Each structure stands twice: as C-alpha cells, then as structure tokens.
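Residue numbers for the sequence shown follow the working numbering, so the first one is 98 and each next one is one higher. See structure below.
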Amino acid sequence: MAGVLSSVDSRTNLVGQNRLEILMFRLNGQQTYAINVFKVQEVMALPKVTRMPQRHRAVIGVVYLRGRAIPVMDLSLAIGMRATPETEDSTIIVTEYNSTVQAFLVGQIDRIVNLNWEEILPPPSGAGRHHYLTAITHHEDRIVEIIDVEKVLAEIAPMDARLPDEIMQGDFVAKAQGREIVMVDDSHTALTQASSTFESLGLIVHRAMDGVEGLALLRRLADETDTPLEKRLLMLVTDAEMPRMDGYRMTTEIRSDPKLKNLYIALHTSLSGQFNKAMVEKVGCDAFLSKFHPEQLANLVKERIEALED
98 MAGVLSSVDS
108 RTNLVGQNRL
118 EILMFRLNGQ
128 QTYAINVFKV
138 QEVMALPKVT
148 RMPQRHRAVI
158 GVVYLRGRAI
168 PVMDLSLAIG
178 MRATPETEDS
188 TIIVTEYNST
198 VQAFLVGQID
208 RIVNLNWEEI
218 LPPPSGAGRH
228 HYLTAITHHE
238 DRIVEIIDVE
248 KVLAEIAPMD
258 ARLPDEIMQG
268 DFVAKAQGRE
278 IVMVDDSHTA
288 LTQASSTFES
298 LGLIVHRAMD
308 GVEGLALLRR
318 LADETDTPLE
328 KRLLMLVTDA
338 EMPRMDGYRM
348 TTEIRSDPKL
358 KNLYIALHTS
368 LSGQFNKAMV
378 EKVGCDAFLS
388 KFHPEQLANL
398 VKERIEALED
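What follows is the structure in structure tokens.
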C-alpha cells in the first residue's frame with residue numbers, strides 16, 4: 098500500500114481539477130471511513146509500541162520509524178468508539194498534519210479511490226457540531242465518512258490560539274482594528290482556532306465552510322459596494338481540501354473573476370509544506386501557511402498592513 102501512495106509530482110496533476118484521492122478503511126465495524134491521501138505518508142503493520150505514562154486515553158504509545166519517535170493513536174477510541182484490538186495483524190496509517198507526524202491505529206484497510214470534490218458533501222446538518230466528520234461521500238453504494246483529523250488532534254493535544262504579548266503590543270495591531278478578512282475551512286476546529294487568533298487582533302472575520310460557500314460569500318461582499326473588494330478585505334485565508342470545491346479550484350475561480358481577481362489569497366492548510374508550496378505557485382495564491390501557528394497568522398496580518406501602507 099505504501100507504494101501506491103501518490104508522489105508530490107503526481108498530486109500536482111490533480112490541482113485545479115477539483116479532484117482528490119482518499120484512503121478508505123474500517124475501524125471496528127462495517128462503516129467505511131477515509132482521509133485524504135495527500136496527508137498519508139505510509140500504511141504499515143503496527144511495529145513494537147513503547148507505552149508512555151500519563152498519556153491521553155486514545156494514545157497507545159510511540160513507535161520508532163527511521164530514527165524518530167511517532168505517537169500512535171487509536172482512531173476508533175479517539176472518535177468515541179470502542180478501542181481497536183492490537184494484534185499481530187494490526188495496521189497503522191502514518192500521516193502528516195500541521196507540520197507533525199503521527200500514526201493512527203485502524204482496522205481493515207480498503208483501497209484508494211480518486212474522486213471529484215463535487216462528490217464530497219458536508220456532513221448532514223443533523224449531525225450536530227460534536228461529530229468527527231468534515232465530509233461524507235458515496236462509493237459503490239456505501240456511505241464513506243471522511244474524518245476531521247484536525248478535531249481529533251486538537252482534542253488529544255490542544256493548541257493555544259493566544260498570541261505572545263510582544264506581538265499584541267506591536268504597532269500594527271492598532272491598524273488592524275476593524276479590518277475585514279474572509280476565512281474558509283471545512284473543519285469547525287480549524288475555523289475556530291484561526292478565527293480566534295484573527296479576532297484577538299481586532300479583525301472582523303467572515304466565515305465559510307467550503308469553496309462553493311466561500312466563493313458565494315466573496316461575490317456577495319463584492320456586490321455590496323462600488324469599492325474594489327481588495328480594498329475592503331485585507332485577505333482571504335483558505336484551507337486546501339474542502340467539500341464541493343477545494344481551495345485550489347476556488348483560487349482559480351477567483352483569479353478569473355474581474356471583481357475578485359486582485360484579492361490577496363493565503364493558503365492555510367495542514368497538508369505538507371513541500372506539496373503546498375508547489376501548489377501556491379501553480380494556482381496563483383500569494384502565501385502559504387501551515388496549520389496551526391498563531392504567530393505566523395499574526396505576522397501575515399502585519400505584512401499585509403505594512404504592504405498596504407507602502
């Protein structure tokens with residue numbers, strides 16, 4: 098399975114086509130789950146696990162791969178289901194999120210499939226805000242639930258959205274008061290984290306949950322005034338992978354719209370830096386930020402305000 102995973106070069110071919118690959122698997126039952134292949138480094142048998150004291154209940158320990166210690170989490174337990182048995186046939190998925198590497202213990206690996214983002218839908222509205230899904234899709238008459246790994250990781254190792262005093266005392270903070278940005282992300286957790294940082298700087302944050310909703314929001318804001326939208330909005334900050342329309346496709350649509358094309362666009366994603374830096378250049382984003390680094394978000398705001406003053 099490790100050899101099936103896409104290279105950076107092959108992944109770039111999907112960009113702008115609104116397509117993605119997902120790795121499907123099961124946990125303890127018959128329900129099929131998935132995560133984006135872009136975030137998967139390898140799939141392998143569970144190596145020897147070193148237990149850790151005072152660990153989170155979903156963390157079973159660490160494994161050592163090529164000289165580095167990687168935490169292993171029971172994904173089933175992390176999303177509120179029963180624990181996955183550890184056997185000689187156990188499988189882990191090694192992933193990279195938010196510039197860190199971690200592994201998830203899962204049940205049976207299914208397959209990798211290539212889909213159009215239009216086939217990926219938001220979770221049902223009745224699912225509430227406490228579910229662990231960013232999206233659902235259908236494959237061969239099965240419902241596939243795509244897991245919000247950012248929510249899982251935030252619960253296991255919470256991130257601090259607060260900014261250091263030296264940043265909050267910067268001259269740019271006063272100039273940021275009341276400025277507007279648009280934030281687009283399909284993860285409630287990621288959206289809340291980043292919005293909290295921006296709002297602590299005095300910014301007004303307009304939110305959307307996917308590229309279709311984000312594009313509609315931008316066009317609505319552009320129609321509200323005769324002022325060019327790039328004069329009103331400090332920037333657009335968008336995730337890459339989202340239901341219905343991904344961040345790359347949304348950027349392409351923005352660049353082809355006369356009313357939106359001059360917007361400053363920052364890609365804010367948990368995907369690997371190497372991959373996304375190539376994507377920023379390909380689709381025409383202005384900046385790339387790895388999730389979740391509050392100081393980087395604040396520095397981007399500072400750079401934008403300084404640039405507008407020049």
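We put the beta carbon where it would ideally sit given N, CA and C, even for glycine. The model shown is predicted, which means the values in this text are computed figures rather than measured ones.
Report the rounded CA-to-CA distance for residue i versus residue j, giving the unit in angstroms.
{"i": "residue 296", "j": "residue 267", "result": "15 Å"}
{"i": "residue 360", "j": "residue 316", "result": "12 Å"}
{"i": "residue 199", "j": "residue 314", "result": "35 Å"}
{"i": "residue 132", "j": "residue 244", "result": "6 Å"}
{"i": "residue 403", "j": "residue 294", "result": "19 Å"}
{"i": "residue 396", "j": "residue 354", "result": "28 Å"}
{"i": "residue 393", "j": "residue 322", "result": "31 Å"}
{"i": "residue 181", "j": "residue 157", "result": "10 Å"}
{"i": "residue 401", "j": "residue 326", "result": "15 Å"}
{"i": "residue 287", "j": "residue 247", "result": "7 Å"}
{"i": "residue 197", "j": "residue 207", "result": "25 Å"}
{"i": "residue 364", "j": "residue 308", "result": "12 Å"}
{"i": "residue 216", "j": "residue 269", "result": "42 Å"}
{"i": "residue 142", "j": "residue 204", "result": "11 Å"}
{"i": "residue 212", "j": "residue 137", "result": "16 Å"}
{"i": "residue 339", "j": "residue 304", "result": "14 Å"}
{"i": "residue 175", "j": "residue 155", "result": "5 Å"}
{"i": "residue 329", "j": "residue 195", "result": "30 Å"}
{"i": "residue 226", "j": "residue 251", "result": "Because residue 226 carries a pLDDT of 49, less than 50, the predicted location of this residue cannot be relied on, and the following value inherits that uncertainty. Between residue 226 and residue 251, the C-alpha separation is close to 15 Å."}
{"i": "residue 185", "j": "residue 147", "result": "15 Å"}
{"i": "residue 234", "j": "residue 218", "result": "6 Å"}
{"i": "residue 405", "j": "residue 398", "result": "11 Å"}
{"i": "residue 190", "j": "residue 271", "result": "45 Å"}
{"i": "residue 178", "j": "residue 229", "result": "11 Å"}
{"i": "residue 241", "j": "residue 209", "result": "12 Å"}
{"i": "residue 150", "j": "residue 298", "result": "38 Å"}
{"i": "residue 128", "j": "residue 331", "result": "43 Å"}
{"i": "residue 387", "j": "residue 378", "result": "16 Å"}
{"i": "residue 249", "j": "residue 187", "result": "20 Å"}
{"i": "residue 159", "j": "residue 145", "result": "9 Å"}
{"i": "residue 320", "j": "residue 116", "result": "30 Å"}
Where do the ends of the alpha helix (DSSP H) carrying residue i lie?
{"i": "residue 234", "result": "Looking at the DSSP string, residue 234 is not in any alpha helix (DSSP H); the run it does join, the beta strand (DSSP E), is 230-236."}
{"i": "residue 292", "result": "285-297"}
{"i": "residue 316", "result": "308-320"}
{"i": "residue 146", "result": "Premise fails: residue 146 is in no alpha helix (DSSP H) and is neither H nor E."}
{"i": "residue 180", "result": "Residue 180 -> no alpha helix (DSSP H), and no H or E assigned at all."}
{"i": "residue 348", "result": "344-352"}
{"i": "residue 391", "result": "391-406"}
Quick one: what's residue i bridged to in DSSP?
{"i": "residue 194", "result": "197"}
{"i": "residue 189", "result": "141, 202"}
{"i": "residue 158", "result": "169"}
{"i": "residue 122", "result": "130, 206"}
{"i": "residue 385", "result": "364"}
{"i": "residue 335", "result": "281, 364"}
{"i": "residue 211", "result": "118"}
{"i": "residue 330", "result": "277"}
{"i": "residue 218", "result": "233"}
For residue i and residue j, which I take to be in contact (beta-carbon distance under 8 Å), what is that distance rounded to the nearest angstrom?
{"i": "residue 292", "j": "residue 306", "result": "Not confirmed; about 12 Å, so no contact."}
{"i": "residue 170", "j": "residue 122", "result": "Actually they are not in contact, since the Cβ atoms of residue 170 and residue 122 sit about 14 Å apart, beyond 8 Å."}
{"i": "residue 348", "j": "residue 302", "result": "With 8 Å as the limit, residue 348 and residue 302 do not qualify as a contact, their Cβ atoms being about 19 Å apart."}
{"i": "residue 134", "j": "residue 124", "result": "That belief does not hold up - the Cβ atoms of residue 134 and residue 124 are roughly 18 Å apart, past 8 Å."}
{"i": "residue 336", "j": "residue 214", "result": "About 12 Å; that fails the 8 Å criterion."}
{"i": "residue 260", "j": "residue 276", "result": "Going by Cβ atoms, the distance from residue 260 to residue 276 rounds to 16 Å, so no, they are not a contact pair."}
{"i": "residue 265", "j": "residue 389", "result": "Wrong, their Cβ atoms sit about 18 Å apart, outside the cutoff."}
{"i": "residue 232", "j": "residue 221", "result": "With a Cβ gap of about 11 Å, residue 232 and residue 221 do not count as contacting."}
{"i": "residue 351", "j": "residue 383", "result": "Not really, about 11 Å apart at Cβ, beyond 8 Å."}
Would you give the residue range spanned by the beta strand (DSSP E) that residue i belongs to?
{"i": "residue 262", "result": "Element bounds for residue 262: not the beta strand (DSSP E) but the alpha helix (DSSP H), 262-265."}
{"i": "residue 170", "result": "165-171"}
{"i": "residue 130", "result": "129-133"}
{"i": "residue 301", "result": "301-305"}
Start-end ranges of the alpha helix (DSSP H) lying completely within the segment 240-279, minimum 4 residues:
Every alpha helix (DSSP H) stretch that sits fully inside the segment 240-279 and reaches 4 residues is listed by chain position as 246-253, 262-265, 268-273.
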